[in-house]
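Numbering (the working numbering), first residue to last: 25 to 215. Glycine residues also receive a C-beta, built at the ideal position from the N, C-alpha and C atoms. Please read all numbers here as calculations on a predicted model, not as lab measurements. Shown next, in structure tokens, is the structure this report addresses.
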């Protein structure tokens, strides 16, 4: 009985979810216009890691919350991770990453950063909304993230998109022990 159920589940659910992933996570690299400026959107690859770390250093005062090994591990996980980069004139100017959990129907944004010279141009907004679109296509229920309690600009961006506060994580950030604000977007209700 259990074997039959597992086989039925695999045929009727698992394979469909795998097909959805293959269909919607196979992102073709392409040009995009954001507020009238052209950028190149692509899936992040291992050779992008030094530039990603450079953006982290620029954004986080010389620190890299994630090191090269952490990004390498994430980028190698093709079935449950999605990382995107934006380039302008061949320079990596922004990136975003997320983990995908079929069981909880949760797309969790793990990190997003925009190079200082490109902030306030809509790149973060574009990237977060691109991930939300992918989560909807995968028929997920929610998109979640953590943000530093001191990062008012990011919190405003997320609230403008529709995220709501969902509690705190004490001493969440490794380097300075700052608290994190959990935020969630219920995409079953948002158009």
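Counting the other Cβ atoms within 10 Å of the Cβ of residue 70 gives fewer than 16, which makes it exposed. For residue 150, the number of other beta carbons within 10 angstroms of its own is at least 16, and it is reported as buried. For residue 56, the enclosing beta strand (DSSP E) has its first and last residue at 54–58. Listed in chain order, the non-local C-beta contacts of residue 138 below 6 Å within the same chain comprise 118, 147, 148, local neighbours out to five positions each way being set aside.
Annotated three-state conformation of residue 198 is coil, per DSSP.
In the structure shown, residue 66 adopts extended strand secondary structure according to DSSP, grouped into three states.
Following the DSSP letters along the chain, one finds residue 73 inside the alpha helix (DSSP H) bounded by residues 73–83. Residue burial annotation: residue 56 is exposed, with fewer than 16 other C-beta atoms found within 10 angstroms of its C-beta. Here DSSP, grouped into helix, strand and coil, assigns residue 173 to coil.
As DSSP reads the structure, residue 132 sits in a beta bridge with 123, 168. Rounded to whole angstroms, the gap between the alpha carbons of residue 66 and residue 26 is 42 Å. For residue 191, the CB contacts under 6 Å within the same chain, skipping 5 residues up- and downstream, are 206 in chain order.
Here DSSP, grouped into helix, strand and coil, assigns residue 163 to coil.
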